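Trainee:
Protein chains in written order, with the numbering used here: chain A, 1 to 413; chain L, 1001 to 1247; chain X, 2001 to 2286; chain U, 3001 to 3317.
(1) Between which two residues does the alpha helix (DSSP H) harbouring residue 311 of chain A extend?
(2) Residue 3265 of chain U touches chain A at which residues, Cβ-Cβ below 8 Å?
(3) Against chain A, with Cβ distances strictly below 9 Å, would residue 2010 of chain X count as a contact?
(4) Tell me which residues share the same chain as residue 173 of chain A and place their Cβ nearer than 8 Å to its Cβ, disregarding the 5 neighbours each side in the sequence.
(5) Whose CA, out of X/2024, X/2207, X/2096, lies closest to the CA of residue 2064 of chain X?
(6) Does the beta carbon of residue 210 of chain A come closer than 9 Å to any beta carbon on chain X?
(7) What span of residues does the alpha helix (DSSP H) with residue 184 of chain A cover, start to end?
(8) May I ask you to list, following chain order, the residues of the region 3270 to 3303 of chain U that have a beta carbon less than 9 Å from some beta carbon of chain X?
(9) Less than 9 Å separating the beta-carbons of residue 2218 of chain X and residue 2041 of chain X?
(10) Kindly say whether residue 3150 of chain U, judged by its beta-carbon, lies nearer than 9 Å to any beta-carbon of chain A.
(11) Suppose the cutoff is 8 Å on Cβ atoms and the five residues either side in sequence are ignored; what does the same chain contact list for residue 3111 of chain U look like?
(12) What's the gap between the Cα of residue 3160 of chain U and the Cα of residue 3182 of chain U?
(13) Return the residue from the list L/1164, L/1220, L/1219 that minimises the CA-CA distance to residue 1077 of chain L.
(14) Just verifying my parser: in three-state terms, what is the DSSP assignment at residue 2109 of chain X?
(15) Given a threshold of 16 other Cβ atoms within 10 Å of its Cβ, counted over all protein chains shown, does residue 1229 of chain L qualify as buried or as exposed?
(16) Less than 9 Å between the beta carbons of residue 3232 of chain U and residue 3138 of chain U, yes or no?
(17) For residue 2184 of chain X, does the count of other Cβ atoms within 10 angstroms reach 16, so buried, or fall short, so exposed?
(18) Could you name each continuous alpha helix (DSSP H) segment of 4 residues or more that falls completely within the region 117 to 192 of chain A, going from the start of the chain to the end?
(19) Below 7 Å on C-beta distance, what does residue 3199 of chain U contact in chain L?
(20) CB of residue 2090 of chain X to nearest heavy atom of the ligand NAP: below 8 Å?
(21) Please confirm whether residue 179 of chain A and residue 144 of chain A have their CB atoms less than 9 Å apart.
(22) Pull up the distance between the alpha-carbon of residue 3014 of chain U and that of residue 117 of chain A, whole angstroms please.
(23) Would you verify that the beta carbon of residue 3029 of chain U is, or is not, closer than 9 Å to some beta carbon of chain A?
(24) Count the C-beta pairs between the region 3121 to 3132 of chain U and the region 3234 to 3247 of chain U that are closer than 8 Å, then say yes if the count reaches three, no if not.
(25) By the 10 Å Cβ neighbour count, where 16 or more other Cβ atoms means buried, how is residue 3083 of chain U classified, buried or exposed?
(26) Please report how far the alpha carbon of residue 402 of chain A lies from the alpha carbon of residue 300 of chain A, in whole angstroms.
(27) Since residue 3227 of chain U and residue 3038 of chain U should fall inside the 8 Å C-beta cutoff, what is the C-beta to C-beta distance between them, to a whole number of angstroms?
(28) Taking 9 Å as the CB-CB cut-off, is residue 2035 of chain X touching chain U?
(29) Report the rounded CA-to-CA distance for residue 2192 of chain X versus residue 1216 of chain L, giving the unit in angstroms.
(30) Apart from the five residues on each side of it in sequence, which residues of its chain come closer than 6 Å, Cβ to Cβ, to residue 2024 of chain X?
(31) Suppose contacts are defined by Cβ-Cβ distances below 9 Å. Is residue 2128 of chain X in contact with residue 2044 of chain X by that definition?
(32) Let me check one thing: in DSSP terms, what residues is residue 1036 of chain L bridge-paired to?
(33) Scan the region 83 to 94 of chain A for residues whose Cβ lies nearer than 7 Å to a Cβ of chain U and list them as they occur along the chain.
(34) Bridge partners of residue 1202 of chain L, per DSSP?
(35) Could you list the residues in the region 105 to 130 of chain A with a C-beta less than 7 Å from some C-beta on chain U, going in chain order?
(36) In terms of alpha-carbon separation, which member of X/2159, X/2099, X/2096 lies closest to residue 2027 of chain X?
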C-alpha cells in the first residue's frame, strides 16, 4: 500500500487530528467524542455460535466498566463477517470508512484473520486480533498495526506434544486433525514437539471441516497406536464424540483431546466425557483463580452458561484494549501510541497474566484440562474443563529461538 | 437421373411400437409430393427421420444421391434441405426481421461473426425484408413475433424454411389449425414457389394435398399403402376405405 | 481387511441416510419436474423440529415422526403458493428454491441458534453391537440401515405394486396420459410432494442424531443428495437407491484410501459420468 | 429515434456519475462500488449464458477463482510482474472454460447439475491443495498492479482502471450480443430445434458462448484479486456462483446494465441490512423469491414497465 493511499485514508478516517501525524509531532489534538470500537465476528454461518460467545464476552466487559475508557465514552459497532473473508474485508472497510472506528477487534475465523489484517495495513486502523489464530500473522506476515491478544495456533500445540510424551507416556500416536490451516498448525505443532522427544506418529488422519461421518475416521486408526489425539472444530467435535463411543473405540484406544471439548460444545456431549483429557488451551472455564472465578460467575449469571474460550478471548481483548486506552489517556487518535501501549502493557486476564512478545503474540499459560462435572450456582450441574497441568508463560516459539522457528517455516501438511 | 430424396426401407421403432415400418420412397427432382394418412400413421416420425431430428432404427436416406442417414440436421440444411414444423416453431422473443436473419446467415459463415453488429450487414436486412414480403409480412418486420396472430406465425414458419434456400422443402402440415381463408393464403404461397424446389408435404386437408401435389403417398400404420397421382390415389378403393371412410 | 469391512458398513449407513433424503427429491422431480433446492432446508427444519419434540417428550420415535409430519404443511405451502407458479421453468425453480432455502435457513438460525445440536437418541441405541468377526458397530447406525431398507422397500412396493404407484409411474413417463385417463393430477402432486417433504423431515431427525444439525448443514447434505440423484438418474427410485450406495461407499472408501482427494473421488466420477451419460445410470435418454 | 437517444443519454449519465463518484463518495463507498463493478462483470458473464443462450451455469466461480489464484500465485509466490501474471490468470481461467465447455452437451436441469459438480471440483482443489493455494488462509498481500514501472496503487486510480475495463467490456459485450453470433444464441434459447433445422450446429455456438463467458469471468477474477489483494477458497464456492446468478436475475437478465444493477442491489443490501438486521440472509432470500415470482425481468424490466411511451418499438417514428 502506497503512502499516498494510506495517508488519504487516514485523513478520511480520523479527520483533522491526524494532520499532526504528517508533521511527525507528538502532540495530538485530543478529541472528546466517544471512542468507537468495531467488533468483527460471524453472527451467521457455520461459526455463528462461537461468534455469539465472543459478542457476549465483549459486551460483558464493556458493561462492567460502564462503557468508559480513558475518560471517554466507548461505543461499539458489531459487524457480521459470516466467516467469509470477502465479507470480513468489506465489513472491516465499512467499519473504518463509514463507522469511523478507532480500533478493530476480531475476527474469529482463522482465514478471516489475514484478510482483516490487510485492511488494517491499508488504512492504518489498529487491529486487535482476537481468536483468529493463523500462525503467520505474528510470524511471517506481520503487520505493524496488528497485535494479537488471543493465541497462535501452534502455541497451544507445542505443550501438548510435550505432555503427551512425558506425562501421558504415549509413544506411538494416531492424530485426528482438522484439515485446514488452524488444524494443521495445532496438530503439527503437537507432532513437532512429540517427535523431537522421540515419539512416533503412527498416522495422521486429516478430515475437512464439516466431515459428516466420523465412522470412517475412527475405523482407520492405526491398530498399534497407544494413544489417539483429536484436533477438531465446529460441529465435527460432536460427531467425533458420538462416533468414538458408538463404535466402541473407548474400549480399544486411549483418546486425548488436543483441541476438542470446548465449553461451547460440552452441552452437546454427555457424561461419557467425564475424566477425559479435553483440551490443551490457553483458557479453561474451570481455572481456579480469583480473576477467572469472577469472570465465570459474571458471565454465567448473565447468560446461564459457562464461557467458552471465545467468550474469554473477546473479554480479554477488550480488557487489554481498555488498559492501553487508559495508559494513553483516551487519546486513541494517536494510533502509534495506542499500539505501543498494547505492546508494552501487562494484563491480568481471567486466563492469567499476559504480555506480548516481540512479535506481537501473547506469552501466556497453556492448560491441559480434564473434563469434570461441577455444580455452578448459576448454571447447575455442568461439564467443564478443569486444568490438570499448567505450562507457564508459553511463547509462540515454544523453546526454540524465534529466528530458528521463522527459518523453519510454517507448519504445512 | 438421381432422385431428390430416396428413402430405402426406413424404420423407426419406439419400444415395441413400429412407428415407421420399412418405408421406401422416391421423390424426383422438382416433384411436389403430398404425404397423407390418418392420425398416427407415422408421417411426422418419417419426416423427423428424413430431416435428421430423429435417427432411424434401420434403413437409409439419400439426398441427391448422397447417403445422409446419419448426418446431423444442420449439415442436411447445408445440403439444401429445408423444413417447417407441425407445431409452429419460430423465435417468439425476436423480431420478424431477426427471425429471417437467423435463417439467412444460418447456412453461411456469417453466423459466426461476433465482432460486428447485425446492422452492419445491409444485405441481410434487405434479404430479410424480401423474404417477409414474399409471405406478406413485410410491414411487420420490426415487430416482435409475440404480437403476431397464429396465422401470421404460420406464414413466418414458412418464410423461415424458405430463407435457408432449400432445394428440397419438407412441409409438416403447413395449414394446421388455420381457418379456411388463412389456408387459402398459405396454399397460394406454396403454389407460387419456384418449380425447382422439390416439395414434400404432410397434409390432412385432401383438397389442399390433391390440388398441389404431383404425386401422393398414402401412409397407414407406419407403412406406405398406396402411391400415385392424385387421381389414382383417390380412386384406390383401399385408400378410400382407410382414409376417406373417416371423412 | 477389518477396516475395509468397517468402511463398507459405514458407507452403507451413510447411504441409508442419503437415500431417505434423495428419494423424495428424485420422486418430486420425476413426477412434477420440480427441482427443489430447498430440500436440504426441509431436512434441517424437520431435524430441528424433531429435536425439539424429542427433548420435550423424551421419545425419539415421536421426534422422527413429528419432524417428518411437521415439514408436510411447510412443503405444501411452498409448493402450492411459490413453486407451482414457476410452471416448468427449471431455472426459475432453482432460483426460487435457493431463495426459499436462504429464508428457511435464517429462520432456523433465529429459532434454534448457531450451535451444532444433536438429536438425543434412546439410551438403548447409543451402544455398539458386535458383529461376527469381532467388528464393533454402532447400534444406532445399524438400526438406521434397517430403517432405511424398510422405508425403501415400502416405497418400492408403493411405487411398483399399488394403484397409486402405477399412476405415479405413468405420470413420470407422460403426464398427459394421466390427465387424459381422468385422474386428478393435482391431488397426486400434493400426495407425492407431501411424501417427499415427510421423507426429508424424517431424514433430518435421524441424520441429526449422528451428523448433528447446524446452520449450513442444509447445503452440505443437499450437495450429497444431488450427487446421489445425478448418479442414479433424476426421477428414478431405483436410481436413488443405487446412487445412495455409490455415493456412500465412494465417500467412505475415498476418505479412507485417498483422504487428500476425497472431493475428487466424489465429484470426479460424477462429472465424467454426466458427460457420457448425462441422465445418470437409471435416467432415461432422449 | 427517440429510444436510441434515450438509451445513449442514460448511458452517458451513468458514465458521468461513475467518473464523478470518487469526488463525492467516501473510501468505503469507493471500495463497495469497485466491488460492484467487478461482481457485475462476473454476473454479466453468467448472463451471457443465462439471458442470451438460456443455459444456467453454476460454475462461474471456478473461472473467476482459477484466474484470480493464478494471478495471485504468480505475483506473490513466484514474483512475476503484472504483465505476466494478469494475462496468465486470464488464460488459465479461459482454458478451464475450454475444458469445462463439454458441459454444453447437456441441457436444462442436467446442465445445471453438471456445472454444480464441476464447480465443486475446483473448490475442492483450491481448498485441499493447501501447499500450492494456501488452503483456507488463501493468498494475501497481492501487490497492486504495476506495468512498466507505473503502479496503480491508490484506491481511486484502481477505481478508474476497473471502470475503464468494465466500460470497454460493456461495449464489447454490446457488439457481441448484437452480432449474428449473439443473435444465434438468442435463437437457441428460443428454439434449439428450429436453429438446427436452419443449419446451426447449436452445440458449437453454445460451446463458444461458454468459453467467452469463462473469459469474462476470468477477467473479473483478475480484477478482483488486485482489488482485494487477497484470495481464498470462498471465491470458488458454490455460494458465489449462486449469488452472481441472482445478481443477474435481480438486475435484469438479458440486458447489459442489469447484472451491474443487480450487483449493486445485492452488495448494497448485504452491507446495509447486515449492519442492523440479523436476518439479512432471509431478506436476501425474500428478494429473490419476489424477483422470480413478480419481476422475472428484474429491476430493468420494472423500470421499463413504469416508463410508458418509451422503449416500445411501436413508438418509433
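Built from N, CA and C at the ideal position, the CB exists for glycine as well.
For clarity, every value in this text was computed on a predicted model and none was experimentally measured.
Mentor: In this structure, then:
(1) From DSSP, the alpha helix (DSSP H) with residue 311 of chain A extends over 309 to 327.
(2) Chain A residues near residue 3265 of chain U: none, gap ~15 Å exceeds 8 Å.
(3) At least one chain A Cβ lies under 9 Å of residue 2010 of chain X.
(4) So the list reads 164, 194, 199, 200, 201, 202, 225, 226, 227, 228, 229, once near-sequence residues are dropped.
(5) From the listed residues X/2024, X/2207, X/2096, the smallest Cα separation to residue 2064 of chain X is found for X/2207.
(6) Taking Cβ atoms only, chain X reaches closer than 9 Å to residue 210 of chain A, which makes this a yes.
(7) 181 to 196 is the extent of the alpha helix (DSSP H) around residue 184 of chain A.
(8) Cβ contacts with chain X come from 3278, 3279, 3280, 3281, 3282, 3283, 3284, 3285, 3286, 3287, 3288, 3289, 3290, 3291, 3292, 3293, 3296.
(9) Yes, the pair counts as a contact, with Cβ atoms nearer than the cut-off.
(10) Not closer than 9 Å to any Cβ of chain A, the Cβ of residue 3150 of chain U fails to qualify, so no.
(11) A distance below 8 Å between beta-carbons, with the five flanking residues on each side excluded, links residue 3111 of chain U to the following residues of its chain, in chain order: 3055, 3056, 3057, 3103, 3104.
(12) So the alpha carbons of these two residues sit roughly 29 Å apart.
(13) With distances taken between Cα atoms, residue 1077 of chain L lies closest to L/1164.
(14) Residue 2109 of chain X: helix per DSSP, three-state reduction.
(15) Here residue 1229 of chain L is exposed: its Cβ has fewer than 16 other Cβ atoms, across all protein chains shown, within 10 Å.
(16) In contact: residue 3232 of chain U and residue 3138 of chain U (Cβ atoms closer than 9 Å).
(17) The C-beta of residue 2184 of chain X has fewer than 16 other C-beta atoms within 10 Å across all chains shown, which makes the residue exposed.
(18) Whole alpha helix (DSSP H) segments, 4+ residues: 153 to 166.
(19) Per Cβ cutoff of 7 Å: 1074, 1077, 1078, 1106, 1107, 1164.
(20) As far as ligands go, the structure on display features none, and thus does not contain the ligand NAP.
(21) No, these two residues do not count as a Cβ contact at 9 Å.
(22) Roughly 34 Å separates the two Cα atoms.
(23) It does: the Cβ of residue 3029 of chain U has a partner Cβ on chain A nearer than 9 Å.
(24) Using a Cβ-Cβ distance cut-off of 8 Å, the region 3121 to 3132 of chain U and the region 3234 to 3247 of chain U are in contact, since at least three pairs of beta carbons, one from each stretch, lie closer than that value.
(25) Classification for residue 3083 of chain U: exposed.
(26) Rounded to the nearest angstrom, the two C-alpha atoms are 39 Å apart.
(27) Going by Cβ atoms, the distance from residue 3227 of chain U to residue 3038 of chain U rounds to 6 Å, so yes, they are a contact pair.
(28) Yes, because at least one Cβ of chain U sits closer than 9 Å to the Cβ of residue 2035 of chain X.
(29) Annotation: residue 2192 of chain X to residue 1216 of chain L spans about 50 Å, alpha carbon to alpha carbon.
(30) Same-chain partners within the cutoff: 2196, 2199, 2200.
(31) Result no, Cβ atoms of residue 2128 of chain X and residue 2044 of chain X do not sit closer than 9 Å.
(32) In DSSP, residue 1036 of chain L forms a bridge with L/1218.
(33) Here the close residues are 84, 85, 86, 89, 90, 93, 94.
(34) In DSSP, residue 1202 of chain L forms a bridge with L/1035, L/1172.
(35) Listed by position along the chain: 110, 111, 114, 115, 118.
(36) A check of alpha carbon separations from residue 2027 of chain X across X/2159, X/2099, X/2096 identifies X/2159 as the nearest.
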